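Protein sequences appear in the order of chains A and B.
With UniProt numbering applied, the first sequence covers 1 to 537.
With UniProt numbering applied, the second sequence covers 1 to 537.
Beta carbons are placed, not taken as given, at the ideal position from N, Cα and C, and that holds for glycine.
Note that the structure is a prediction, hence the values are computed from the model and not measured.
Written out below as structure tokens is the structure these notes cover.
Protein chains: 2
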Amino acid sequence: MKHSIKIKRALFSVSDKSGVEALARALHQNGCQIISTGGTKSVLEKAGIPVTEISEVTGNPEAFGGRMKTISFQIESALLFDREKDADEARQLGIEPIDMVVCNLYPFERVKNQGVDFDTLIENIDIGGPTMVRAAAKNFKYVAVVTDPQDYPDLVTELQDNDGALSYETRFRLMRKAFNLTADYDAMIATAMDETAGHLSVRLAFDRAKTLRYGENAHQQAFFLRQRHAPYSLHDLEFLHGKELSYNNIVDLYSALDAVKDLSKTACAIIKHNNPCGLCEGNDQRQVFELAWAGDPVSAFGSIIAFNKKVERSTVEFLHLDAENKMQRKFVEVIAAPDFAPEAIEYLKKHKNLRLVRFEPKRVTQEKEFKILAGSLLLQTSDNTLLKEKETVTQHETEVDDDLLNFGLLAVRQLKSNAIAVVRKKDNYLQLLGMGCGQPNRVNSTRLALERSRENLKNEFTGEDAQRERYIKEQMEKAVLVSDAFFPFPDNVEIAASYGIKTIVQPGGSIRDKSVIEKCNELGIAMVFTGLRHFKH
Amino acid sequence: MKHSIKIKRALFSVSDKSGVEALARALHQNGCQIISTGGTKSVLEKAGIPVTEISEVTGNPEAFGGRMKTISFQIESALLFDREKDADEARQLGIEPIDMVVCNLYPFERVKNQGVDFDTLIENIDIGGPTMVRAAAKNFKYVAVVTDPQDYPDLVTELQDNDGALSYETRFRLMRKAFNLTADYDAMIATAMDETAGHLSVRLAFDRAKTLRYGENAHQQAFFLRQRHAPYSLHDLEFLHGKELSYNNIVDLYSALDAVKDLSKTACAIIKHNNPCGLCEGNDQRQVFELAWAGDPVSAFGSIIAFNKKVERSTVEFLHLDAENKMQRKFVEVIAAPDFAPEAIEYLKKHKNLRLVRFEPKRVTQEKEFKILAGSLLLQTSDNTLLKEKETVTQHETEVDDDLLNFGLLAVRQLKSNAIAVVRKKDNYLQLLGMGCGQPNRVNSTRLALERSRENLKNEFTGEDAQRERYIKEQMEKAVLVSDAFFPFPDNVEIAASYGIKTIVQPGGSIRDKSVIEKCNELGIAMVFTGLRHFKH
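Structure, rendered in structure tokens:
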């Protein structure tokens, strides 16, 4: 039977007392008896609500500095007995049902974050609260368990609309919330106690699952959940337009946001298969978008794009979505930004296959990263450091600015290892000119990045054919080649030189650094060591 | 004060009764009073141990079909009161201390896995047990809380060696275990209740943390943990020799094991930057190793290697670790296998920078995969399906065997997208001849895989120079090019043809399939559609 239950007797014992009077008043007005413990009782009585002291029900005093307040045969029986099967037994034992528990627990987490001493921390482990809450939750068929002040307004409404009764659905929902609360609570305690003993343990909880159409591939099922209590989550993204996001969209969206989150001027990242194939930072957003796109104008089709500033209509008109010649239309999968101008939305919404997402890129910043592999967890602090030191190790000094160098490091950090990024400054715009990534051999990545760069320069040159190679040479000389890890051999330097590169940035640290530096000196290349590797697998 | 506590009064109430007599006897022999509930009491009395019925302590009967057995002001006070501050108050209230709780909880998980009805599931939510356990744990300064039968033998020893007392360290350890138990218990309940309501929630817990030297890079801290209660875990790997595994070693080790786990004959995978650059399956392990190595003999240096069968000495002698000419020595980072012949270990152990790991590859098989991104979780079923259908869509039929085709699909599934694998059969060995992966553009991957294949064939040919191209042509014609996703344009087919490929396998499903197939027909290529994409990001 899934019927409503009239709340005739309610037990209040709350640590967080906010808003508790309103709920008690609604119950009282519907003829409910309120039982309460010390502090809560004072608050309710001050609000003019008659309260029965809990010791009148238990027959026991509040004892041991508050460690014993509610736990008793009387209270837990009143919560737990089966109103049908056990009715006679309850009557014989003088147990009168309690139909509602309003309880929230000692603030263990807050107290812990205050850095209190161990004894105080232990004192803030609630025993009576979870007992009541769990007992009431187990017997939710007859009992309502209220653990979150945010639920009070809805409950007040439901009570007033139903003569002081609550529905089965409400009680079921409250029960789920209660067990999730006690699970979270003991997770915190267990983790804190392990920590005190010098043992790291990790407990993660996720809910609000959205079912995705499928996973990485159509034969895989997939779900997208939010981490409980996380202040920020990618799950909070605001979906403005289009078909629902796919699993791969979400993965790439994260990478896109991650790529622009640390850039301060207007920036745009273009992601394909989880790597940025375009990245640019500068002043004019349209220009930034065009230069990001030019990083790999073929792969950019079907990409996932993120901006770090409000997107203007003039920016996205670069997609030419209305072009009569369909070949001129640039199809992309997702555009994400902290905001969109209404005219930009209007323009983009005309295209149903384009997904628009509002999300602040900075909110993907994380202190820790988690990788779950076959029943194990790799936990690491995130790679949030960009530059440790900067040392020119060659005879030649580089002429490139620090801002370009930093941009190059940021670009290469986003690429899967082995990673090479070629970046340049063009009229105060910082641009990823070409990238190579995900290769078992660094030489592959170097070749891919340089070939891409050369191809892009070729396409960009609009002058006379005879001048093209000269233009490419000039641009390559102003560019910087950045490597995510050290060069194991001088071969990468030779390849870079063959494409006209004059500045190379890498962490250094190889046993063959000397021969790598010598090769640079021989070929007139400036090399900067950063001391900081940026592997990403 | 971190002193020992003599256990003078213990409360037993266990659901799992295994081994409980031994602990009770050790206590009894040291003069401890045993209090117990119904079922546990019978077991102990049968074993000749005198037991006080709990109702004599509480003054209450066992009530409501067992829902109320232990919860009472008397029991929880006896567990919770501060033996120093609250001693007088306890005496006045007639509360005598209980120094130990032995309790394990109703088997909620087991009952749930039996698929019982909802009411039975609810009945198996333990209320009294967690109350006692949590109260005893909170007061661990004076009370020992025993929740795991596996701890009984050590406790018996400690009690016998210390006149029935337990140390602070033991009580602290038991307390941590207790809160981890109640956290797990409520996590299960919360998840099950959410599931009943049609809401997916996920709770993951990890412990046994090992501190790694650093994370993906030296400026990142990292830890390696085991999932609690997982039947298998990569964390269980048996480390036989060498420097400790690094973060990146573990990530690559997983990929190496994953690449060989589904191969039935002897197999070897060589991983570099998380992608297999070598993979082979066949009969003779040495031959398998050599052919895997030949997939990318340059990148294989510094790789992570997995075998799916016991490793023989003759196999690893291929590394020539004792070669006088140091250039002939093949340095690799990690070798993992389900087992090693003692002679193989003896040979490998001479090299201190080589790490040896014993682990059964099949144990990395997972039903579900988790990806945690910025406060969110992507959960998907793993890509464990290899072939849905097999349809030749071209005029030409392929002449390659199914086993090669399946091997190619398995290879490409392990590679980061976009992925292309070129595989061939050589004297009944299945070999990854070349791969391209991690590229924003499929054409890049196709070129990388074919160029690698051609290079490998060139190196392998030992005949007269004039015959080399002919040999390469013959081998390419027998090889299969496998793509993890459909070809968006016919350009990949043209590139494949230019390298002499005659068989292409891909899922199909592009809007331009027709023009791709036409291009195959025009170029004399057989194309097989599988209907199954294998993206991996």
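Practice prompt. Since I believe A/L523 is in contact with A/A485 (beta carbons under 8 Å), could you give me their beta-carbon distance rounded to a whole number of angstroms?
Written response: Locating residue 485 of chain A in the first sequence gives position 485, where the first residue counts as 1. Locating residue 523 of chain A in the first sequence gives position 523, where the first residue counts as 1. A/A485 to A/L523, Cβ: 21 Å. No contact.
Discussion item. Which of the three DSSP states is assigned to B/Y429 in this structure?
Written reply: Numbered from 1 along the second sequence, position 429 holds the residue referred to as residue 429 of chain B. Looking at B/Y429 - three-state DSSP - the assignment turns out to be strand.
Fill in: 7 Å CB neighbourhood of B/E109 in its chain, flanking five on each side removed
Here residue 109 of chain B is taken as the residue at index 109 of the second sequence, counted from 1. Same-chain partners within the cutoff: M188.
Discussion item. So, for A/K112: in the same chain, excluding its five sequence neighbours on each side, which residues have a beta-carbon less than 7 Å away from its beta-carbon?
Written reply: Start at 1 with the first residue of the first sequence, and residue 112 of chain A comes out as number 112. Around A/K112: L121, A192.
Worksheet item: In whole angstroms, what is the alpha-carbon distance linking A/G48 and A/S36?
Response: Taking the first sequence and counting its residues from 1, one reaches residue 48 of chain A at position 48. Taking the first sequence and counting its residues from 1, one reaches residue 36 of chain A at position 36. In a straight line, the C-alpha of A/G48 is about 14 Å away from that of A/S36.
Item to complete: Establish whether the CB of A/Y254 and some CB of chain B are separated by less than 7 Å.
Response: Numbered from 1 along the first sequence, position 254 holds the residue referred to as residue 254 of chain A. Yes, contact with chain B.
Discussion item. Using the three-state DSSP reduction, which class does B/L200 fall into: helix, strand or coil?
Written reply: Residue mapping note: residue 200 of chain B aligns to position 200 of the second sequence, counting from 1. Three-state DSSP puts B/L200 in coil, outside helix and strand.
Item to complete: Could I get the ranges of all uninterrupted alpha helix (DSSP H) runs contained in the UniProt domain "MGS-like" (1 to 147) of chain B, with 4 residues as the minimum, in chain order?
Response: 20 to 29, 38 to 46, 54 to 58, 73 to 80, 87 to 93, 108 to 113, 118 to 123, 128 to 138
Practice prompt. Note down, in chain order, all residues in the segment 413 to 439 of chain A with a beta-carbon under 8 Å from any beta-carbon belonging to chain B.
Written response: K416, S417, N418, C437, G438, Q439
Item to complete: Starting from the N-terminal side, write out each stretch of the alpha helix (DSSP H) that is 4 residues or longer and does not extend beyond the segment 435 to 485 of chain A.
Response: 442 to 460, 465 to 478
Worksheet item: Using the beta-carbon of each residue, which ones in chain B are nearer than 9 Å to A/V357?
Response: Numbered from 1 along the first sequence, position 357 holds the residue referred to as residue 357 of chain A. Those within 9 Å of A/V357 in chain B number zero; the least Cβ separation is about 13 Å.
Practice prompt. Taking A/K210 as the reference, give the member of A/L237, A/Y499, A/A197, A/E158 with the closest Cα.
Written response: As a working note, residue 210 of chain A is residue 210 in the first sequence. Of the candidates A/L237, A/Y499, A/A197, A/E158, the one whose C-alpha sits nearest the C-alpha of A/K210 is A/L237.
Discussion item. Please report whether the beta-carbon of A/K362 lies at a distance below 7 Å from any beta-carbon of chain B.
Written reply: On the first sequence, position 362 is the one that residue 362 of chain A refers to. Chain B contact via Cβ: absent.
Discussion item. If I measure Cβ to Cβ from B/T398 and keep anything under 7 Å in the same chain, skipping five residues before and after, which residues do I get?
Written reply: Counting from one through the second sequence, the residue named residue 398 of chain B turns up at place 398. Closer than 7 Å at Cβ, skipping near neighbours: T392, T503, A526, V528.
Item to complete: Take A/D163 as the anchor and find which of A/D401, A/L409, A/H28, A/I472 has the nearest alpha-carbon.
Response: For the purposes of this step, residue 163 of chain A is identified with residue 163 of the first sequence, where counting begins at 1. Ranking the options by Cα distance to A/D163, first place goes to A/H28.
Practice prompt. Note the first and the last residue of the continuous alpha helix (DSSP H) segment covering B/P342.
Written response: Looking up residue 342 of chain B in the second sequence gives position 342. It spans 342 to 349 - the alpha helix (DSSP H) in which B/P342 sits, taken as one unbroken run.
Worksheet entry | Cα-Cα separation, A/G531 to A/S303 | Indexing the first sequence from 1 puts residue 531 of chain A at position 531. Indexing the first sequence from 1 puts residue 303 of chain A at position 303. The alpha-carbon atoms of A/G531 and A/S303 are separated by roughly 33 Å.
Worksheet item: Would B/Q414 pass as a contact of B/A294 if the rule is Cβ separation under 7 Å?
Response: Counting from 1 along the second sequence, the entry for residue 414 of chain B is found at position 414. Counting from 1 along the second sequence, the entry for residue 294 of chain B is found at position 294. Cβ distance not < 7 Å, so B/Q414 and B/A294 don't count as in contact.
Worksheet item: If you drop the 5 nearest sequence neighbours on each side, which residues of the same chain put their C-beta closer than 6 Å to that of A/L481?
Response: Translated into positions along the first sequence, residue 481 of chain A becomes position 481. Within the same chain, A/L481 has close Cβ partners V422, A496, I501, I504.
Practice prompt. Since I believe B/L378 is in contact with A/I420 (beta carbons under 8 Å), could you give me their beta-carbon distance rounded to a whole number of angstroms?
Written response: Here the question's residue 420 of chain A lines up with position 420 in the first sequence. Here the question's residue 378 of chain B lines up with position 378 in the second sequence. In fact, because the Cβ distance is near 29 Å, the residues do not count as touching under 8 Å.
Discussion item. Quick check on A/G278: does DSSP put it in helix, strand or coil?
Written reply: Sequence index remark: in the first sequence, residue 278 of chain A carries index 278 (1-based). In this structure, A/G278 counts as strand in the three-state DSSP scheme.
Worksheet item: Just checking my contact of residue 602 of chain B with B/P338 at CB under 8 Å: how many whole Å lie between their CB atoms?
Response: No answer is possible for residue 602 of chain B: it lies beyond the span of chain B, which begins at 1 and ends at 537.
Practice prompt. Count the CB pairs spanning the segment 12 to 30 of chain B and the segment 430 to 438 of chain A that are closer than 8 Å, and state whether there are at least three.
Written response: no
Discussion item. Please report whether the beta-carbon of B/D296 lies at a distance below 7 Å from any beta-carbon of chain A.
Written reply: What you label residue 296 of chain B is simply residue 296 of the second sequence in a count that begins at 1. Cβ-Cβ to chain A under 7 Å: yes for B/D296.
Practice prompt. Quick one: list the residues of chain B neighbouring A/G38, beta-carbon separation under 9 Å, in chain order.
Written response: Residue numbering aside, residue 38 of chain A sits at position 38 when the first sequence is read from its first letter. Under the 9 Å cutoff, chain B gives no residues; its nearest Cβ is about 16 Å from A/G38.
Discussion item. Counting only Cβ-Cβ distances shorter than 9 Å, please list the residues of the segment 213 to 232 of chain A near chain B, keeping chain order.
Written reply: Y214, G215, E216, N217, A218, H219, Q220, Q221, A222, F223, F224, L225, R226, Q227, R228, A230, P231, Y232
Fill in: Nearest residue (CA-CA) to A/G66, options A/A87, A/E76, A/T52, A/Y106
Within the first sequence, the letter at position 66 stands for residue 66 of chain A. When only C-alpha atoms are compared, the closest one is A/Y106.
Fill in: Complete beta strand (DSSP E) runs within the segment 294 to 338 of chain B (minimum length 3 residues, chain order)
304 to 307, 334 to 337
Discussion item. Just verifying my parser: in three-state terms, what is the DSSP assignment at B/I420?
Written reply: Walking along the second sequence from the start, residue 420 of chain B turns up at place 420. Strand.
Discussion item. Please list, in chain order, the chain A residues whose beta carbon lies closer than 8 Å to that of B/L373.
Written reply: Counted from its first residue, the second sequence places residue 373 of chain B at position 373. By Cβ distance, chain A contributes L234, I250, V251, Y254, V364.
Practice prompt. Tell me, please, whether the CB atom of A/D186 is closer than 7 Å to any CB atom in chain B?
Written response: Walking along the first sequence from the start, residue 186 of chain A turns up at place 186. Closer than 7 Å: yes.
Discussion item. By the 7 Å beta-carbon criterion, what residues does the segment 475 to 501 of chain A contribute toward chain B?
Written reply: none
Worksheet item: What residue range is occupied by the uninterrupted beta strand (DSSP E) comprising A/K368?
Response: Reading the first sequence from its first residue, position 368 is the one you call residue 368 of chain A. Unbroken beta strand (DSSP E) run through A/K368: 368 to 373.
Worksheet item: Cα separation between residue 542 of chain B and B/F239?
Response: Limits of chain B in this structure are 1 at one end and 537 at the other, which puts residue 542 of chain B out of reach.
Item to complete: Take B/A269 as the anchor and find which of B/G242, B/I335, B/A205 has the nearest alpha-carbon.
Response: Working through the second sequence from its first residue, we reach residue 269 of chain B at position 269. The shortest C-alpha separation from B/A269 is found at B/I335.
Worksheet item: Which of helix, strand or coil does DSSP assign to A/I511?
Response: Start at 1 with the first residue of the first sequence, and residue 511 of chain A comes out as number 511. Coil, per DSSP.
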